[in-house]
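In the numbering used here, the protein residues as written are 11 to 223. Heads up, the beta-carbon is just placed ideally off N, CA and C, and yes, glycines get one too. Below is one structure, written out as structure tokens; the observations come after it.
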Amino acid sequence: MAAVADQAQMRKGPWTEQEDVQLDFYVRLFGERRWDFIAKVSGLNRTGKSCRLRWLNYLHPGLKHGRMTSQEEQLILDLHATWGNRWSSIARRLPGRTDNEIKNYWRTHMRKKAQEKRNMRVSSTDASSISSSQSSLTEPMEIATSMFEEEDGGVMGPSMDQIWNELAVLDARFNHEGCEEEDFDQLMQIPPMGSLWNYSDTALETGGPGKGH
DNA sequence: AAGGATTACAACCGCAGAGGA
DNA sequence: TTCCTCTGCGGTTGTAATCCT
11 MAAVADQAQM
21 RKGPWTEQED
31 VQLDFYVRLF
41 GERRWDFIAK
51 VSGLNRTGKS
61 CRLRWLNYLH
71 PGLKHGRMTS
81 QEEQLILDLH
91 ATWGNRWSSI
101 ARRLPGRTDN
111 EIKNYWRTHM
121 RKKAQEKRNM
131 RVSSTDASSI
141 SSSQSSLTEP
151 MEIATSMFEE
161 EDGGVMGPSM
171 DQIWNELAVL
181 DARFNHEGCE
191 EEDFDQLMQI
201 PPMGSLWNYS
211 DTALETGGPG
221 KGH
């Protein structure tokens, strides 16, 4: 009963600077676990879920802010072509970037690209040239945009045939580099999950991320 | 300069899986 | 074994900032 009342009073919406400071303090104190507990003891009128999201997507010390670099963009395109909308998996390959950030980036940028490409085709080609242009795609950007072709109004995913086709292309590329999926981490020179985000902050050295469990 | 359209990003929601009691 | 809580994920929405006419 009281819990229901509490839920009703929970704060929503944008975080204030004060809330950020408070959350930061308590996460450093208790670690990145037990978000409901942190939400309670911190006195923030937020749900644990909200606290976790704020921390992971904004306050985490390892996060990069600002625009994607061209390398990151390229990597996102490649990985999305391989994995589809598995944003968290993609994010693990991009240190300092969150799944949320990548998801947003994809939605805004790729949608735009797909639309531009579509407009170009409509104005310059007939139906038969579309299939031939698909088979000649060589750049990840082209692959991604072609896989993200839209129907009017809505975003449309690629067909399974398309997915497997493009996977074959990427596969061939990785094999050309002499690496398997398991070697991908090495290829990308990304540290393993646990050490993905290294805290420089000494306050966390005793605890650190992923310590819980 | 004003106002509408578009873009970029933050945050919420619902669901599913893992793990503990 | 079942239930409950916590965590993580992907989809979606809301809004501030920027661009364009």
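| query | result |
| --- | --- |
| Local Cβ density within 10 Å of residue 26, reported as buried at 16 or more and exposed below that | exposed |
| Cβ pair count under 8 Å reaching 3, the stretch 71-86 against the stretch 104-114 | yes |
| Cβ-based burial, residue 96 [other Cβ within 10 Å; buried from 16] | exposed |
| Cβ-Cβ distance between residue 45 and residue 59 below 9 Å | yes |
| Residue from 55, 20, 24, 62 with nearest C-alpha to residue 38 | 62 |
| contact_flag[the stretch 80-98, the stretch 45-57] where n(CB pairs < 8 Å) is 3 or more | no |
| Residue 117, buried or exposed, once every other Cβ within 10 Å from all chains shown has been counted against 16 | exposed |
| Bounding residues of the alpha helix (DSSP H) (the contiguous stretch that carries residue 74) | Looking at the DSSP string, residue 74 is not in any alpha helix (DSSP H), and its letter there is neither H nor E. |
| Pairwise C-alpha distance: residue 66 and residue 103 | 16 Å |
| Element boundaries [alpha helix (DSSP H), containing residue 114] | 109-115 |
| Nearest candidate by alpha-carbon position, reference residue 111, set 77, 20, 40, 81 | 77 |
| Cβ neighbours of residue 48 in the same chain (closer than 7 Å, five flanking residues each side left out) | 36, 37, 40, 58, 61 |
| Integer Cβ distance of residue 34 from residue 69, believed to fall under 8 Å | 5 Å |
| Distance CB(residue 119)-CB(residue 83) smaller than 9 Å | yes |
| C-beta atoms of residue 64 and residue 29 nearer than 9 Å | yes |
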